[in-house]
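Notes follow once the structure below has been shown.
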Amino acid sequence: MSLYWKLRTIKNTAHRVHVSERLRALRTQLAEEVTAQTSEHDLRLATWNLMHFGGGGGYERDVDALLYISEIIDHFDLVAVQEVNDDLTQLEDLMKNYLGPEWDYIVTDTSGGDLGNDERMAFLYRKGKVRFAKLAGEIVLPDGQTIVGSGGIDFAEHFERHSQFARSPFVVGFECGWFQFKLCTVHIYFGNPKRPDNITDDQWDILRQDYMDVRKAEIREIAEFLADRQRNERRRELDILKERGWDTEQSKANYILLGDFNIVSPEHETMAALKEAGFQIPDGMEELPTTLGSTKAYYDQIAHRLGDRRVRHCCSGAVNFRKSVFREEDAEHYIDVVKDPLVTGEAKGIDRDRDAQITYFNRYRFKHQISDHQLLWSSFQVDLADNYLQKIAEEAREE
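Using this note's numbering, the first residue of the sequence shown is number -4, and each one after it goes up by one.
Below, the structure is given as structure tokens:
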């Protein structure tokens, strides 16, 4: 359970009341949308892009935001987080003072370079439910395999360093119940080019398509790389199981690929690049828009290739936290009660009128305090005890 003692550090009593009430509303929302739809024995897996988390400045999370983030995460067992910044102070604060001793985490090194924005990715997991299986590493494409080749792309100088992933995908082995799996998190390159001077409209269209090709190539390469790994691992595993006369339904060759893929839409070529490698996306998930704000997008996904036929996907969803916290109607509270200087404009020496303050809160502040993405989740049935006991009984009857 999340820790709530930080509530008492909120000196503004009216705001403390507000945060307490909003936490209760959030808990009710999560109980209905997540807890009631799943079993406590399931693996509740999630991915969340937390916008510039730990970035400081306007992205420094206040106590209320960290309480809300913690509450959401605590309704799951394993959460992959993207856009963790170089400074880990805020992540460490979240783990120690909000999630508490029941949780642990694994974090990658920074991506380095302009393309990766010096971001990290993190895995947060509930220690009583999920175990780190002593496997972790970033994925680097083998020699001869690149995201962008030396030819076949215009304006190559814009991509000269993009032979590998802009942000290296990271894979970690975990165990949950009877389920052993490799989890790979990604934050696929988006590519938002600035128009160079002195190029024609046609050249500009080509350049923008080149950036989209890079995005699609990253998705395709990571999906194919992991599919090959899973296929080869399963083949070797089957040979051993058959040789020993063991049940071939069981498998450790289970791969889950999740994160921010920057997928445009279910029908777009970026989605096709993921599915063509044989990764399955749970029914209904690819139609779930995961961004918050004016742009409706399907950036985040959870896909899997499972060798273990006994493991079943149960259900999926996306948590729109704005139903309960940082709601549109909360703007007036943050203006009149909290007097948030970033909302009022005082922090930047801007004199915003009331309408502009409300607009700022609903366009920017909720994103900077929590995220511009919804958390996307899936649950898997990983308690296979009944399956195992039934097989023991069947074998005994045949003796």
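No residue lacks a Cβ here, since even glycine has one placed at the ideal position from N, Cα and C.
For residue i and residue j, I'd like the C-alpha separation in whole angstroms.
i: residue 70; j: residue 391; result: 40 Å
i: residue 40; j: residue 266; result: 21 Å
i: residue 200; j: residue 316; result: 37 Å
i: residue 149; j: residue 202; result: Its pLDDT being 42, under 50, residue 149 is placed unreliably by the model, and nothing is read from it.
i: residue 192; j: residue 198; result: 11 Å
i: residue 146; j: residue 204; result: Legend: pLDDT at residue 146 = 37, less than 50; position of this residue unreliable, no value from coordinates given.
i: residue 28; j: residue 236; result: 40 Å
i: residue 222; j: residue 389; result: 34 Å
i: residue 124; j: residue 171; result: 6 Å
i: residue 387; j: residue 376; result: 20 Å
i: residue 344; j: residue 356; result: 17 Å
i: residue 54; j: residue 95; result: 22 Å
i: residue 89; j: residue 65; result: 7 Å
Just to confirm the assignment, what range does the beta strand (DSSP E) spanning residue i have?
i: residue 120; result: 115 to 121
i: residue 295; result: 295 to 301
i: residue 311; result: 307 to 314
Over what stretch of residues does the alpha helix (DSSP H) that includes residue i continue unbroken?
i: residue 214; result: 196 to 239
i: residue 387; result: 380 to 393
i: residue 349; result: 349 to 355
i: residue 63; result: 58 to 68
i: residue 330; result: 326 to 331
Helix, strand or coil for residue i? Go by DSSP, reduced to three states.
i: residue 290; result: coil
i: residue 272; result: coil
i: residue 97; result: coil
i: residue 92; result: helix
i: residue 163; result: coil
i: residue 375; result: strand
i: residue 285; result: coil
i: residue 43; result: strand
i: residue 148; result: Model confidence at residue 148 stands at a pLDDT of 42, short of 50, so the residue's coordinates are unreliable; what they give is reported in the following sentence. DSSP places residue 148 in coil when its eight states are reduced to three.
i: residue 31; result: helix
i: residue 49; result: coil
i: residue 341; result: helix
i: residue 245; result: coil
Considering only their Cβ atoms, is the gap separating residue j from residue i smaller than 8 Å?
i: residue 185; j: residue 210; result: yes
i: residue 99; j: residue 49; result: no
i: residue 182; j: residue 113; result: no
i: residue 297; j: residue 63; result: no
i: residue 21; j: residue 319; result: yes
i: residue 119; j: residue 76; result: yes
i: residue 213; j: residue 160; result: yes
i: residue 36; j: residue 378; result: yes
i: residue 370; j: residue 292; result: no
i: residue 115; j: residue 103; result: yes
i: residue 58; j: residue 4; result: yes
- Message: For the structure I just gave you, are there three or more beta carbon pairs, one from the segment 162 to 181 and one from the segment 126 to 136, closer than 8 Å?
- Response: yes
- Item | Segment contact, 8 Å Cβ cut-off, at least three pairs: the segment 214 to 223 with the segment 268 to 282 | The segment 214 to 223, when compared against the segment 268 to 282, does touch it at the 8 Å Cβ threshold.
- Message: Does the contact criterion of 3 or more C-beta pairs under 8 Å hold for the segment 281 to 290 versus the segment 365 to 378?
- Response: yes
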